[in-house]
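Notes follow once the structure below has been shown.
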Amino acid sequence: MGECLVKTLAQTQQQPRGGDAPRLPPPAPPWGELYHLQRTLDILQRLLLEHGLRINPKKTTSICSTDDPGRFHIDGEWVTPQSGDAALTVLGSPVSFQGGPPQLAAEMGTRARKAWGKNEALLTAKTKLKQRLQLHNIYLCARVHSGRLKHGQYRTRSCAQPTYNNCSTCAVWWGGARAPGEAWADWNKRTLRVARVHLYKHKVERWSTYILRMIWGVWGHVARAQDVTFEMLMWRGMEWWWQQQALPDTIGARHASRFNSSLDTERHIAAIAGARWGEVARDRLAWEALEERFVEAHDPPWCSGKQAQLQNLAQTRQAKAIKEWRQARRAGNRLLN
Numbered sequence: 035m036g037e038c039l040v041k042t043l044a045q046t047q048q049q050p051r052g053g054d055a056p057r058l059p060p061p062a063p064p065w066g067e068l069y070h071l072q073r074t075l076d077i078l079q080r081l082l083l084e085h086g087l088r089i090n091p092k093k094t095t096s097i098c099s100t101d102d103p104g105r106f107h108i109d110g111e112w113v114t115p116q117s118g119d120a121a122l123t124v125l126g127s128p129v130s131f132q133g134g135p136p137q138l139a140a141e142m143g144t145r146a147r148k149a150w151g152k153n154e155a156l157l158t159a160k161t162k163l164k165q166r167l168q169l170h171n172i173y174l175c176a177r178v179h180s181g182r183l184k185h186g187q188y189r190t191r192s193c194a195q196p197t198y199n200n201c202s203t204c205a206v207w208w209g210g211a212r213a214p215g216e217a218w219a220d221w222n223k224r225t226l227r228v229a230r231v232h233l234y235k236h237k238v239e240r241w242s243t244y245i246l247r248m249i250w251g252v253w254g255h256v257a258r259a260q261d262v263t264f265e266m267l268m269w270r271g272m273e274w275w276w277q278q279q280a281l282p283d284t285i286g287a288r289h290a291s292r293f294n295s296s297l298d299t300e301r302h303i304a305a306i307a308g309a310r311w312g313e314v315a316r317d318r319l320a321w322e323a324l325e326e327r328f329v330e331a332h333d334p335p336w337c338s339g340k341q342a343q344l345q346n347l348a349q350t351r352q353a354k355a356i357k358e359w360r361q362a363r364r365a366g367n368r369l370l371n
């Protein structure tokens, strides 16, 4: 497969790679992109056929951000790409133009339920809670987040969702079943709070913390390797973008309006280690010393334990707002009279 891909790219990619600060190329017409991709597929199919291999059109999935993506001819059949909000599974993780964190959170929830069902007998055995929590991280954590490192952290969803999955799967060990007449929302809130208490009491690392530590470690490892992966990360990296932003709008490059900076992992890393984070990562001790700052900056905080008080304060604020509105309405009526 590797040799066929290399030969295919050698025949289709004739343009040289960009320099240190290349100008943005003009947008190519859609028919040109479609023709180029179809030609690439034809060459790849011909090379694979020499080894007795074929591309299965029924298992071929593609996504496109345009309304009229066209069709691709694969092994005698026509394949139509899906819309931009559809998910394309790459190395075990959903990738799409418009889905983003919600699809990633759904994938993590699905993995958690499958892993729990496969190891339910072991995880629900009558053993000490500390041992079950350790097994819980061993059997579920690695499986659920095996593809999480390929995405940027997004505090409101991609880091909060693993913590919710962590607590919800542990909540079946305590808290009991729903009481007669108890609403599902109240039962879910009660068991999750008890789960967070036990996780904090036994000093078990939350899944969101595990994800952030792994992201920091992997990026440091890539920077120290100094291979083509690091070159891809640094090409048009944060240092280059900050240089472009310092230029006038008519000269410097700008992100598209739909760009979401919260999904840019390098932006978060550069905020902690600086734009030249690759040079900092070469010193293992210095890189490990910055890990805690990275985790504290993006890990959802522990609950304060004052939810009931906060709810009472919210009711007080609401009552105060209603009272002020009524006073303003009476004052307005007096002026009209």
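So the working numbering is basically just the index in the sequence shown, starting at one, shifted up by 34.
We put the beta carbon where it would ideally sit given N, CA and C, even for glycine.
(message) Tell me which residue opens and which closes the beta strand (DSSP E) that Pro-128 is part of.
(response) Per DSSP, the continuous beta strand (DSSP E) segment holding Pro-128 begins and ends at 127-129.
(message) Just to confirm the assignment, what range does the beta strand (DSSP E) spanning Val-40 have?
(response) Per DSSP, Val-40 belongs to no beta strand (DSSP E); it is in the alpha helix (DSSP H), 36-46.
(message) If we require 4 or more residues per run, which alpha helix (DSSP H) segments fall completely within the stretch 253-305?
(response) Listed in chain order, they are 262-268, 272-279.
(request) Would you kindly work out how many angstroms separate the C-alpha atoms of Ala-153 and Tyr-173, rounded to a whole number? (result) The displayed chain sequence assigns Asn, not Ala, to residue 153. C-alpha separation (whole angstroms): 8 Å.
(request) Would you check if the distance between the CB atom of Met-266 and the CB atom of Glu-300 is smaller than 8 Å? (result) In this structure, Glu-300 does not lie closer than 8 Å to Met-266 by Cβ.
(request) Please state if the CB of Ala-120 and the CB of Ser-130 are separated by a distance shorter than 8 Å. (result) Contact: yes.
(message) Can you look up Leu-138 in the DSSP assignment and give me helix, strand or coil?
(response) Of the three classes helix, strand and coil, the one that applies to Leu-138 here is helix, per DSSP.
(message) Measuring straight from C-alpha to C-alpha, what distance separates Gly-110 and Gly-254?
(response) CA-to-CA, the gap between Gly-110 and Gly-254 works out to about 46 Å.
(message) Just to confirm before moving on: does the CB-CB distance between Leu-82 and Arg-88 stay below 8 Å?
(response) Yes, Cβ-Cβ distance for Leu-82 and Arg-88 is below 8 Å.
(request) For His-107, write down the residues that DSSP places opposite it in a beta bridge. (result) For His-107, DSSP records a beta bridge to Trp-112.
(request) Using only alpha-carbon positions, find the residue among Arg-258, Ala-155, Ser-242 that is nearest to Arg-310. (result) When only C-alpha atoms are compared, the closest one is Arg-258.
(message) Using a Cβ-Cβ cutoff of less than 6 Å, which residues in the same chain neighbour Ile-77 once the five nearest sequence positions on both sides are dropped?
(response) Thr-42, Gln-45.
(message) Would Val-113 and Ser-96 be called neighbours here (beta carbons separated by less than 8 Å)?
(response) When the beta-carbon positions are compared, Val-113 and Ser-96 come within less than 8 Å of each other.
(request) Determine the direct distance from the alpha carbon of Ile-306 to that of Arg-166, and round the result to whole angstroms. (result) Near 35 Å, if we compare the C-alpha coordinates of Ile-306 and Arg-166.
(message) Is the separation between the beta-carbon of Asp-101 and that of Ser-242 shorter than 8 Å?
(response) A distance of 8 Å or more separates the beta carbons of Asp-101 and Ser-242.
(message) Can you look up Val-238 in the DSSP assignment and give me helix, strand or coil?
(response) In the structure shown, Val-238 sits in coil (DSSP, three-state: anything other than H, G, I, E or B).
(request) Report the option in Val-256, Lys-160, Trp-276 whose CA atom is closest to the CA atom of Asp-317. (result) Residue Val-256 is the option with its Cα nearest to Asp-317.
(message) Can you tell me where the beta strand (DSSP E) holding Leu-122 begins and where it ends?
(response) That run of the beta strand (DSSP E) goes 122-124.
(message) With H, G and I counted as helix, E and B as strand and the rest as coil, what does DSSP make of Ile-172?
(response) In this structure, DSSP gives Ile-172 a helical state, which the three-state scheme calls helix.
(message) Counting C-beta neighbours from all protein chains within 10 Å, is the total for Ser-127 16 or more, i.e. buried, or is it exposed?
(response) Under this definition Ser-127 is a buried residue.
(message) Please return the same chain residues whose Cβ sits closer than 6 Å to the Cβ of Thr-284, not counting the five positions on each side in sequence.
(response) There are no such residues.
(request) Could you check the C-alpha separation between Arg-247 and Lys-160 for me, to the nearest Å? (result) One Cα belongs to Arg-247, the other to Lys-160, and the distance between them is close to 31 Å.
(request) For His-302, count neighbouring Cβ atoms within 10 angstroms of its own Cβ and tell me buried if that reaches 16, exposed if not. (result) Of the other Cβ atoms in all chains shown, 16 or more fall within 10 Å of the Cβ of His-302; this residue is therefore buried.
(message) Just list the residues that DSSP pairs Ile-97 with in beta bridges.
(response) Note: Ile-97 sits in a beta bridge opposite Gln-116.
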